[in-house]
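Trainee:
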Amino acid sequence: MNLDAETLIQQIPYYLSAQDQKALLDELTAISRGGTAEYLLSTYRDSFKEVMLQGDGWSGLQLFLFDTGDRKSVRGIVLSNSCDVDPENPRDVPARVIFAPLVKLAAFKTVLDASGIGAERIAAKIAAIKAQKTTNIFYLPAGGPLKEDYVVRFDDAHNMPVAAHTKSADREKLFTLSNTGFYMFVLKLSVHFCRLQEKVNRKPAEAAT
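One gets the working numbering by counting positions in the sequence shown from 1 and adding 16 to each.
1) Measure the alpha-carbon distance for residue 62 versus residue 223 and round it to whole angstroms.
2) Quick one: what's got a C-beta closer than 7 Å to residue 134's C-beta in the same chain, skipping five residues either side?
3) In three-state terms, what does DSSP make of residue 133?
4) Is residue 182 near residue 72, with beta carbons less than 7 Å apart?
5) Thinking C-alpha only, which one of 121, 147, 131 is nearest residue 166?
6) Between the Cα of residue 155 and those of 82, 116, 67, 132, spot the shortest distance and give me the residue it belongs to.
7) Going by DSSP in three states, residue 154 sits in which element: helix, strand or coil?
8) Grouping DSSP H, G and I as helix and E and B as strand, with all else coil, what is residue 68?
9) Taking its Cβ as the centre, do 16 or more other Cβ atoms sit within 10 Å of residue 94, making it buried, or is it exposed?
10) Would you mind working out which of 208, 205, 201, 210 sits nearest residue 40, comparing C-alpha positions?
11) When we look at the beta-carbon of residue 60 and count the other beta-carbons within 10 Å, is it buried (16 or more) or exposed?
12) Could you tell me the alpha carbon to alpha carbon distance between residue 138 and residue 186, rounded to whole angstroms?
13) In whole angstroms, give me the CA-to-CA distance for residue 80 and residue 209.
Laid out in structure tokens, this is it:
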């Protein structure tokens, strides 16, 4: 995934002040070069603790295991946009929240170790993940509410009724993404699901003569 300055500039939201835009661009650029940034709002400065927003981390999300059909409660990140999961928005059909499980990076590395690929390749994969260069994986570094590094696989998406999650006994908000975390998240999400530059010409085949 190419995260050059030109690509990042195109993603900067117009409604931020010039100072905030510069700060966001500087942090996004640093991430693309292997640097660090604040992905999450501090627990003490998070004014969205009771609101479900895109990119939030929540517990009490339920998924069905494909192999067994069992239901499991997991911690995950919200893929749905904020408006679609807002219970205040009237719906003719009950809304569902799309999410992907939060996975500890250490656990993901264990899976890579078990796959039999070499240590050098694994190290390269982990480095690419941390630099946000792996298109189907979003990396969340430890910090604030997160005590360890986590990853999210966009190709491991699940959904459940918003109303069911709202009523869940183990429902708890884990974190809210900062501006930097959110725009990196949305950029990667859009690249994964909406890649217009896929280099596939879908014109119809010419009729046989």
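Glycine included, every Cβ here is placed at the ideal spot set by N, Cα and C.
Mentor: Judging by the given coordinates:
1) Position 46 of the sequence shown holds residue 62. Position 207 of the sequence shown holds residue 223. Cα to Cα, the separation comes out at about 60 Å.
2) Taking the sequence shown and counting its residues from 1, the one referred to as residue 134 is at position 118. Here the set comprises nothing.
3) Taking the sequence shown and counting its residues from 1, one reaches residue 133 at position 117. Collapsing the DSSP output to three states places residue 133 in coil.
4) Your numbering for residue 182 matches position 166 in the sequence shown. Your numbering for residue 72 matches position 56 in the sequence shown. Contact: no.
5) Taking the sequence shown and counting its residues from 1, the one referred to as residue 166 is at position 150. Comparing Cα-Cα distances from residue 166 to each of 121, 147, 131, the minimum goes to 121.
6) As a working note, residue 155 is residue 139 in the sequence shown. Among 82, 116, 67, 132, the Cα nearest to that of residue 155 belongs to 116.
7) To locate residue 154, count along the sequence shown from 1; it is residue 138. In this structure, residue 154 counts as strand in the three-state DSSP scheme.
8) As a first step, residue 68 must be located in the sequence shown, where it is residue number 52. Of the three classes helix, strand and coil, the one that applies to residue 68 here is coil, per DSSP.
9) As a position in the sequence shown, residue 94 is number 78, starting the count at 1. Its Cβ being crowded by 16 or more others within 10 Å, residue 94 is buried.
10) Reading the sequence shown from its first residue, position 24 is the one you call residue 40. Between residue 40 and the set 208, 205, 201, 210, the nearest pair of CA atoms involves 201.
11) Here residue 60 refers to the residue found at position 44 of the sequence shown. So residue 60 ends up on the exposed side.
12) Here residue 138 corresponds to residue number 122 of the sequence shown, with the count starting at 1. Here residue 186 corresponds to residue number 170 of the sequence shown, with the count starting at 1. So the alpha carbons of these two residues sit roughly 35 Å apart.
13) Residue mapping note: residue 80 aligns to position 64 of the sequence shown, counting from 1. Residue mapping note: residue 209 aligns to position 193 of the sequence shown, counting from 1. Between residue 80 and residue 209, the C-alpha separation is close to 22 Å.
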